[in-house]
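Protein chains in written order, with numbering that gives the first Met the number 0: chain Z, 0 to 247; chain W, 0 to 483.
Some notes on the structure that comes next.
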Amino acid sequence: MLKIEGLTAEVEGKPILNGVDLEVPQGEVHAIMGPNGSGKSTLSYVLAGREGYEVTGGAVTFRGQDLLAMEPEERAAAGVFLAFQYPVELPGVGNATFMRTALNAIRKSRGESELDAMQFLKLARQELKSLSMPEDMLKRGVNVGFSGGEKKRNEILQMALLRPALAILDETDSGLDIDALKIVADGVNALRSPESSTLVITHYQRLLNYIVPDRVHVLVQGRIVRSGGPELAKELEAQGYGAIQAAA
Amino acid sequence: MPAVTETLETVQSVTEQGYKWGFETDIEMEFAPKGLNEDIVRFISAKKHEPEWLLEWRLRAFKAWQAMEEPRWAAVKYPPIDYQDAYYYAAPKRKAAPKSLSEVDPELLRTYEKLGIPLKEQELLQGIAVDAVFDSVSVATTFKERLEKEGIVFCSISEAVQNHPELVRRYMGSVVPQGDNYYAALNSAVFTDGSFVFVPKGVRCPMELSTYFRINAKSTGQFERTLIIAEEGATVSYLEGCTAPMRDENQLHAAVVELVALDEASIKYSTVQNWYPGDAEGRGGIYNFVTKRGACRGARSKISWTQVETGSAITWKYPSCILQGADSVGEFYSVAITNNHQQADTGTKMIHLGPRTKSTIVSKGISAGQGQNTYRGLVRIGPKATHARNFTQCDSLLIGDRCGAHTVPYIENRCMTAKVEHEATTSRIAEDQLFYCRQRGLSEEDSVGLIVNGFCREVLKELPMEFAVEAQKLLQISLEGSVG
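Written as structure tokens, this is what we have:
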């Protein structure tokens, strides 16, 4: 699904990623953990193609395509979804309008027919129900006046509607209380499938109690320094990043 | 190539070809000699077989204009205009006035068709009557007979002068006097055509009325005059659209619009202004110097202005309401976009004279490229306007870092019981908003369109349905490639 080789990247001339190697096979959930400033968010932005995150070397292949050569919207159409750490507010833009426009843009690029307002509403209501979210979520402006938890849930709702091949969750657990965390995790788990992959980026092990990964990777100073099974997350929780940093 | 550079290049290519209304109609025209003097005023009046009083009226306006100076207080810059170097009358040549649409020059019908305004009634959008003004004259008005059945007069102002002189004489200049301001005086002297609407007592106009203005001829100014009268309890909704060919020269458009609402009458006036804005370097484009004013003369009358201003090199325009009748209501909803080198100084005046009068102002300014956008508004509460209320909201959106947004609100309150509120915000389309939309699969253009439409939502929802869709598309086109 996703293959990252020797990826280096800088932000404002400062090297952040110093040769990341990572492979996420189809159907698997991988977690990337690391201390603050290790390059976790940079990695997610580079994968999504955000401006200002300059790739200086290496390669990223996504389902056989050169991901780095694509525009952000082309990556989205190809199936890359980034759940934002800080979801952005779009005043005056209705959530339903936004999601339908996004879904139709992606459907169009896949050569599928666009959904009209009624068809979309039906689909959106189903997803809301399965995520146990209130329907008024659709009527409000995109993320405007949403609480931290609502914003994160809104990301999961978009993910459910867009059904990405690769979902990247960038610190989705930050700012969530335990109840909100469970709802978000349930949502992510419900979307796990043999066809799709998930990359969970997190600082804390907590989220991984609810979204159990197949593999855990530790990112330190822009490099993956250790990889292992779910038990690695527990080890980190017990010992902290210090030990690994020292070893690296 | 970094996305920014790429976008900037898109801007250029788009702005160079983007104005799809920029074609010119090749049609035999009749001109008055170039320049402006008393003889030209007499020429225009004679051409239109006007009564003596109207010629006198024009000449008084011309005298007033000669003694006036061009206003300089607006935040717009342009080289001096040579008023002697323009034609003040240009009309498609024809033998006799067409009695029906079938007699209208097919070339003109084709022009309007190209603009998306078919004048053949069977092809028209259901429920919209159109008056088409081409350079100096009205070339066609549709659905006239059906409206006549209701007692509604919808025709060109020239026809109204011939057929309803008493109404024209009574109301014309009663809201915007000849000497009101420089451009209004100029218009009063040389106005050539425009629309006239009269809705009698108690009648709700059954369809939207619409005028489509087109400047075609070179070196020509367009000076149209529109007069709308809604008698007691009458209701009318009127739409105005405008385009012009692409030219390197600047052309002047100085219109006057007067609205009169008697007791419990309601007038809704919507504009989608899309005059040629000039090219990416700021060459050419229309100077849009327009005086629009409505008088809520009667108790509980209402006048609502909605404007979407996407075109023109310079826009100088303040659709206003004089709230004279007790409990009368004035509204102003505006979206103004300036891209490339466009400049807009626009807003409104709400003059509260009567008790319990109420006004609402919602202004959305969008600046992109090197555009400069100024909201200038006056809220004046007279001593007798007890318990008057005003609410004003001015929001500015900046796209890029070379444009400007300015807000100049004037509030004059002479009444202790009045309540005036003003809110203003300035924001940018942030990089994170764009990235968020694009990450969800929207193209950069669609992302900007979505964000801008969200920003303008409160105003766009005031437009009649057909216009709202049109306006949304227009907003997107006007801003194509403006990110960067």
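Where is the CB? At the ideal position from N, CA and C, for every residue including glycine.
Minimum Cβ-Cβ distance from residue i to chain Z less than 7 Å
i: G448 (chain W); result: no
i: K94 (chain W); result: Low local confidence applies: a pLDDT of 49 at K94 (chain W) is under 50, so the model's placement there is unreliable, with the coordinate-based value given in what follows. Taking Cβ atoms only, chain Z never reaches closer than 7 Å to K94 (chain W), which makes this a no.
i: R292 (chain W); result: no
i: D431 (chain W); result: yes
i: T9 (chain W); result: The pLDDT assigned to T9 (chain W) is 37, lower than 50, so where the model puts this residue is not dependable; a value taken from the coordinates is nonetheless given after this. T9 (chain W) does not count as touching chain Z.
i: G399 (chain W); result: no
i: L441 (chain W); result: yes
i: Q438 (chain W); result: yes
i: Y286 (chain W); result: no
i: G364 (chain W); result: no
i: R427 (chain W); result: no
i: R456 (chain W); result: yes
i: G220 (chain W); result: no
i: G453 (chain W); result: yes
Residue-level contact to chain W via CB, residue i, 7 Å cutoff
i: R139 (chain Z); result: no
i: P71 (chain Z); result: yes
i: A77 (chain Z); result: no
i: A189 (chain Z); result: no
i: I182 (chain Z); result: no
i: I105 (chain Z); result: yes
i: A95 (chain Z); result: no
i: A47 (chain Z); result: yes
i: A101 (chain Z); result: yes
Distance, residue j Cα to residue i Cα
i: K316 (chain W); j: G381 (chain W); result: 23 Å
i: C204 (chain W); j: I302 (chain W); result: 15 Å
i: A188 (chain W); j: K47 (chain W); result: 13 Å
i: F42 (chain W); j: L35 (chain W); result: 11 Å
i: P133 (chain Z); j: L127 (chain Z); result: 7 Å
i: E27 (chain Z); j: G51 (chain Z); result: 30 Å
i: Q121 (chain W); j: I227 (chain W); result: Low local confidence applies: a pLDDT of 45 at Q121 (chain W) is under 50, so the model's placement there is unreliable, and no value is given.
i: A63 (chain W); j: N389 (chain W); result: 34 Å
i: T314 (chain W); j: F61 (chain W); result: 23 Å
i: A253 (chain W); j: G91 (chain Z); result: 34 Å
i: C154 (chain W); j: P79 (chain W); result: 35 Å
i: E165 (chain W); j: F331 (chain W); result: 30 Å
i: A423 (chain W); j: P70 (chain W); result: 26 Å
i: I167 (chain Z); j: Q438 (chain W); result: 11 Å
i: S230 (chain Z); j: H421 (chain W); result: Reading the sequence as shown, one finds Glu at residue 230 (chain Z) and not Ser. Each residue's Cα considered, the two are about 59 Å apart.
i: A101 (chain Z); j: G440 (chain W); result: 5 Å
i: L114 (chain Z); j: L122 (chain Z); result: 10 Å
i: L124 (chain W); j: P14 (chain Z); result: Because L124 (chain W) carries a pLDDT of 47, less than 50, the predicted location of this residue cannot be relied on, and the following value inherits that uncertainty. Near 60 Å, if we compare the C-alpha coordinates of P14 (chain Z) and L124 (chain W).
i: S226 (chain Z); j: P193 (chain Z); result: 22 Å
i: A8 (chain Z); j: G38 (chain Z); result: 10 Å
i: W274 (chain W); j: G310 (chain W); result: 5 Å
Three-state secondary structure (DSSP) of residue i
i: E29 (chain W); result: strand
i: S37 (chain Z); result: coil
i: F434 (chain W); result: helix
i: N249 (chain W); result: strand
i: G150 (chain W); result: coil
i: P86 (chain Z); result: coil
i: D192 (chain W); result: strand
i: I210 (chain Z); result: coil
i: A254 (chain W); result: coil
i: S311 (chain W); result: coil
i: R299 (chain W); result: coil
i: A8 (chain Z); result: strand
i: Q125 (chain Z); result: helix
i: G241 (chain Z); result: helix
Partner residues on chain A for residue i, Cβ-Cβ distance less than 8 Å
i: Y435 (chain W); result: Absent from the structure is chain A; the protein chains it does hold are Z and W.
Contact residues within the stretch 81 to 93 of chain Z, judged by C-beta distance below 9 Å to chain W: L81, F83, Y85, P86, V87, E88, L89, P90, G91, V92, G93
Which residue spans inside the stretch 44 to 78 of chain Z form an unbroken beta strand (DSSP E) run of at least 3? 52 to 61
Between the stretch 10 to 22 of chain Z and chain W, which residues of the former have a C-beta closer than 7 Å to a C-beta of the latter? none
If contact means a Cβ-Cβ distance below 9 Å, which residues of the stretch 143 to 174 of chain Z contact chain W? Q157, L161
Entirely within the stretch 318 to 383 of chain W and at least 3 residues each: give me those beta strand (DSSP E) ranges in chain order. 319 to 322, 328 to 337, 342 to 351, 357 to 366, 371 to 380
Ordered list of alpha helix (DSSP H) runs contained in the stretch 33 to 93 of chain W, each at least 4 residues: 37 to 46, 51 to 65
Proximal residues, the stretch 123 to 135 of chain Z versus chain W, C-beta separation under 8 Å: none
Suppose only complete runs of 4+ residues qualify. What are the alpha helix (DSSP H) ranges in the stretch 448 to 473 of chain W, listed by chain order? 456 to 459
Relative to chain W, which residues along the stretch 212 to 231 of chain Z have a C-beta separation below 7 Å, given in chain order? none
Beta strand (DSSP E) segments (min. 3 residues) lying fully within the stretch 389 to 434 of chain W: 403 to 412, 418 to 427
Give me the subset of the stretch 49 to 70 of chain Z whose CB atoms are less than 8 Å from a CB atom of chain W, sorted by chain position. R49, E50, G51, E70
Could I get the ranges of all uninterrupted alpha helix (DSSP H) runs contained in the stretch 133 to 195 of chain Z, with 4 residues as the minimum, in chain order? 147 to 161, 177 to 189
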